[in-house]
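First the structure, in the form of structure tokens, and then the observations on it.
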Amino acid sequence: MKAVVYTRYGPPEILRLMDVDTPVPADDQVLVKVHAVGVNASDWEMLRGKPMYSRIGGPFRPRHHILGSDIAGRVALTGRNATAFRPGDDVFADILSFMGGFAEYVCVPQIALAPMPAHLTYEEAAALPQAGAIAWQGIRDKGQVQPGERVLINGGGGGSGMYAVQLAKLHGAEVTGVDNVEKLEFMRSLGADHVIDCAREDFTRVGRGYDLILDLAAYRPAFAYRRSLRPGGRYLYVGGSVATLLQVLLIGSLIGRAERKKIQLLAVRLGVEHLHPIVELSQQGKITTVIDRRFPLRQVSAALRYLGEGHAKGKVVVTVG
Ligand SMILES: NC(=O)c1ccc[n+]([C@@H]2O[C@H](COP(=O)([O-])OP(=O)(O)OC[C@H]3O[C@@H](n4cnc5c(N)ncnc54)[C@H](OP(=O)(O)O)[C@@H]3O)[C@@H](O)[C@H]2O)c1
Numbered sequence: 181m182k183a184v185v186y187t188r189y190g191p192p193e194i195l196r197l198m199d200v201d202t203p204v205p206a207d208d209q210v211l212v213k214v215h216a217v218g219v220n221a222s223d224w225e226m227l228r229g230k231p232m233y234s235r236i237g238g239p240f241r242p243r244h245h246i247l248g249s250d251i252a253g254r255v256a257l258t259g260r261n262a263t264a265f266r267p268g269d270d271v272f273a274d275i276l277s278f279m280g281g282f283a284e285y286v287c288v289p290q291i292a293l294a295p296m297p298a299h300l301t302y303e304e305a306a307a308l309p310q311a312g313a314i315a316w317q318g319i320r321d322k323g324q325v326q327p328g329e330r331v332l333i334n335g336g337g338g339g340s341g342m343y344a345v346q347l348a349k350l351h352g353a354e355v356t357g358v359d360n361v362e363k364l365e366f367m368r369s370l371g372a373d374h375v376i377d378c379a380r381e382d383f384t385r386v387g388r389g390y391d392l393i394l395d396l397a398a399y400r401p402a403f404a405y406r407r408s409l410r411p412g413g414r415y416l417y418v419g420g421s422v423a424t425l426l427q428v429l430l431i432g433s434l435i436g437r438a439e440r441k442k443i444q445l446l447a448v449r450l451g452v453e454h455l456h457p458i459v460e461l462s463q464q465g466k467i468t469t470v471i472d473r474r475f476p477l478r479q480v481s482a483a484l485r486y487l488g489e490g491h492a493k494g495k496v497v498v499t500v501g
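Using my numbering, the letters of the sequence shown correspond one by one to residues 181 to 501.
This is the structure:
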């Protein structure tokens, strides 16, 4: 089969489209013919090995040689004990822990797979897993957004931000989206009440307080986030610099205590089993998936560069076959 392979950390140019052996499913696995793969910031980070947390499992060389974690496709073969699926079933999955999506076929433990919602295309189903899980848990499960609250989504024009802005609006919040200038109009189109160009304005310095900050691009000191929270407010770190992550982990719970401010990491529970509520909302037409650009498998490096250089408004998807 064809697959996009890398063996060392580096820029997108090191990716190679190659012929490799088609994987054979173990007893509890399913061989999926991949139709679409959602591109995530985590692919970009694991390609380059930056930030350092992306090297967990492979400090010097990548542990997995084929990136791509959010897949949608059709069951081609099933292992002996993988009886929940049959050849021909349309399925989707988040396979971040073992990757392998940028290929014509991938083996997936049946436990990680779910039937593809009938109302979604392969591309929409592939866009959903990681971004949908981050947004749902950031806004609802952990964020606990209430009507009338002020919510700021830093990185609101990217993949997770696209769902997070819509979810926060749906739950009655006043939403501010922060991202680069290319994405301001996009965030407005998703429903954001206010937008901030991150290059022109530092939202932590304008003196406006928020009840929830969902931070998809965290590069500031934890104290800066504390001063941007209203009393009782919550700050959730999703991705960004290791320095900020360490501060959040080490002093986050202490520095906001006096004003009942919570500064925490959002440790996202990944997996399509956590996506039911957001799938339902998309079925009801209350949440939309915006796919900015599609790239064929041979152009995975261009797809990653497009996302990594900050052009993607919503999701980028790689189509296979
Ligand atoms: N905590 C967890 O359990 C967990 C689980 C999975 C993934 N993640 C992490 O989640 C993060 C975000 O994922 P995503 O899929 O939403 O990424 P994404 O689609 O790349 O979106 C991130 C957005 O943030 C913007 N951005 C970058 N720097 C910014 C800044 N300084 N200020 C404001 N906006 C900025 C980006 O635009 P520009 O690049 O143009 O600026 C982009 O629009 C990744 O770092 C990933 O590793 C965390």
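Ideal placement from N, C-alpha and C gives every residue a C-beta, glycine not left out.
Note that the C-beta distance between Trp-224 and Gly-488 is below 8 angstroms.
Here the region 236-246 does not lie against the region 258-272, with fewer than 3 beta-carbon pairs under 8 angstroms apart. Between Gln-346 and Cys-287 a beta carbon distance of about 33 angstroms is seen, past the 8 angstroms cut, so the two are scored as non-contacting.
Inter-residue distance for Ala-344 and Gly-259 is about 37 angstroms (C-alpha atoms, whole angstroms). Exposure of Met-198 is indicated by the presence of fewer than 16 other C-beta atoms within 10 angstroms of its C-beta. Ligand 1 never approaches Tyr-189 closely enough for any of its heavy atoms to be under 7 angstroms from the residue's Cβ.
At a cut-off of 4 residues, the continuous stretches assigned as alpha helix (DSSP H) that sit fully inside the region 399-485 are 402-407, 422-435, 456-463. Taking 7 angstroms as the cut-off, one finds no heavy atom of ligand 1 near enough to the beta carbon of Leu-257. Burial state of Ser-249 is buried, judged by a 10 Å Cβ sphere holding 16 or more other Cβ atoms. A residue is called buried once 16 or more other Cβ atoms fall within 10 Å of its Cβ, and Met-226 is buried on that count. The criterion of a C-beta distance shorter than 8 angstroms is satisfied by Val-214 and Ile-251.
Around the beta-carbon of Ser-234, 16 or more other beta-carbon atoms lie within 10 Å, marking it buried. Counting along the chain, the unbroken beta strand (DSSP E) around Leu-211 starts and ends at 209-219.
Three or more Cβ pairs closer than 8 angstroms define a contact, and the region 447-458 falls short of that threshold against the region 473-481. Per DSSP, Ala-273 is one residue of the beta strand (DSSP E) stretching across 270-274.
Annotated as distal: Gly-190 and Arg-243, with beta-carbon spacing of 8 angstroms or more.
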